[in-house]
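Chains as they are written, first to last, in our numbering: chain E, 973 to 1197; chain Z, 86 to 340.
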């Protein structure tokens, strides 16, 4: 699902990384800027200075912006910081991707939302109250939860989370991790990649593989599986 | 430099293709099919609501006063009679002043707010988020705003014109010896359907141009909270130029 070879960005380097279907991978970035740049390169928002990026079997360099948008529509992307549209409520944010890409009818989306809320242990009544807020007035968990729900509501082939857990209380963080595991277990053809800032949460996440981004000029640890 | 600032700094390069009025307009036309997407429709409706419905009451009040002043000044001030008063109302208030005042209100209020909102979204990295979830920022942010401003100005001007005709006549009936029905009949006799259609078209065009300017200032110009007054001034200045060009162009075409 993800194949990266000799990637060189402005902030980091990565020798090799592959996330096949069924994999629950973590990518450890040394800084927030590295994590952000990694996601930009992985999803084709920027081109790497060197190396190749293949996503869902396609080389991003060969695609135009429309084709890249269509490819990204098959993915689920969640980030806590800057991951939501500020003038929409959390509920509108959650539905935005699915409604834009016309994933399913409203009733089907609502049913799926209930399943996802159950996975992350978020009581429906409490969640629906939170959905009326804007991102600015929401708690970190509510923002992270909304971003996670939006990413998964469209049943993506690949889930990519960018620094989703920062600032979350341990129990809330565990709920989102367990929910992500449940999502992965539902269909073995799916893949997940969690981009973490620092390796503090690697043990808690228990990924099937871990890749380390190294700061440019510091090539001590390229990657390990 | 924070990530947000970095994002705001880099945005103009990413959005370089949004600049250039004609190109931007052609792109809006090419992307019209995207209006079938529910979130784009919701954004369009929200823009019409913010631009027109929220201002409708205020505009109706100004329209009624403008209509009253036109008729009353001619009748009481100059004693030139109903026919001249109605002609003045039609040519000056309904034909020119309505579009002019509504466009200025639209640009200074909802226009500045929309430019600010777009600039803030860019600064907070929300355009990046949209692209990462497979949504083209142009389709979701620019298309509904440009069309929304066009529709909003059409609606606002219609409200102004209706209020100027009906409210102005009602107020003039109280302050002068003219009756309400006299004034309405005189107005109906002189109002040509073609003039109404041209006025409507002119306002849709002008509103669309205002929408293009708002999106350009929000997305392609540099943005920082401290620069808001400068952005507002430039938006207003550009809109005034557009106003003069569109009104002048319409007057030349209809000679």
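In this text, a Cβ means the ideal position worked out from N, Cα and C, and glycines have one as well.
{"Asked": "Short Cβ contact (8 Å threshold) for residue 320/Z with residue 185/Z", "Found": "no"}
{"Asked": "Identity of the residues DSSP links to residue 975/E by a beta bridge", "Found": "990/E, 1026/E"}
{"Asked": "Bridge partners - residue 998/E, DSSP secondary structure assignment", "Found": "1166/E, 1182/E"}
{"Asked": "Stretch pair the segment 1062-1081 of chain E + the segment 1136-1147 of chain E: three plus CB contacts closer than 8 Å", "Found": "no"}
{"Asked": "Spatial distance of residue 235/Z from residue 1107/E (CA atoms)", "Found": "30 Å"}
{"Asked": "Own chain partners of residue 193/Z with C-beta closer than 8 Å, once the 5 adjacent residues on each side are dropped", "Found": "317, 321"}
{"Asked": "Residue 166/Z beta carbon less than 8 Å from that of residue 156/Z", "Found": "no"}
{"Asked": "Residue(s) in a DSSP beta bridge with residue 1132/E", "Found": "1049/E, 1165/E"}
{"Asked": "Straight-line gap, residue 232/Z to residue 1010/E (C-alpha atoms, nearest Å)", "Found": "36 Å"}
{"Asked": "Limits of the alpha helix (DSSP H) - the one that residue 1092/E falls within", "Found": "That residue, residue 1092/E, is in no alpha helix (DSSP H); it is neither H nor E in DSSP."}
{"Asked": "Spatial neighbours of residue 1123/E in its chain, beta-carbon cut-off 7 Å, leaving aside the 5 residues before and after", "Found": "1048, 1049, 1050, 1131"}
{"Asked": "Closer than 8 Å to chain Z by CB, residue 1154/E", "Found": "no"}
{"Asked": "Whole-angstrom distance between residue 1188/E and residue 130/Z, CA atom to CA atom", "Found": "48 Å"}
{"Asked": "Alpha-carbon to alpha-carbon, residue 208/Z and residue 333/Z", "Found": "37 Å"}
{"Asked": "Neighbouring residues, chain Z, relative to residue 982/E (Cβ below 7 Å)", "Found": "None at all; the shortest Cβ gap to chain Z is about 11 Å."}
{"Asked": "Identity of the residue in 1168/E, 1180/E, 1169/E nearest residue 1153/E by Cα", "Found": "1180/E"}
{"Asked": "Proximity below 8 Å, CB of residue 147/Z to CB of residue 245/Z", "Found": "yes"}
{"Asked": "Residue 992/E classed as buried or exposed, judged by whether at least 16 other C-beta atoms fall within 10 angstroms", "Found": "exposed"}
{"Asked": "According to DSSP, residues forming a beta bridge with residue 985/E", "Found": "980/E, 1186/E"}
{"Asked": "Three-state secondary structure assigned by DSSP to residue 1152/E", "Found": "helix"}
{"Asked": "For residue 127/Z and residue 1200/E, the rounded distance between their alpha carbons", "Found": "This structure cannot settle anything about residue 1200/E, because the visible part of chain E is limited to 973 through 1197."}
{"Asked": "Contact belief for residue 1139/E with residue 218/Z at Cβ below 8 Å, rounded distance in angstroms", "Found": "Actually they do not touch by this definition, with Cβ atoms about 22 Å apart."}
{"Asked": "Residue 135/Z burial status per 10 Å Cβ neighbour count (16 or more: buried)", "Found": "buried"}
{"Asked": "Whole-Å CB distance - residue 222/Z paired with residue 230/Z, under 8 Å assumed", "Found": "So it is not a contact: roughly 11 Å between Cβ atoms."}
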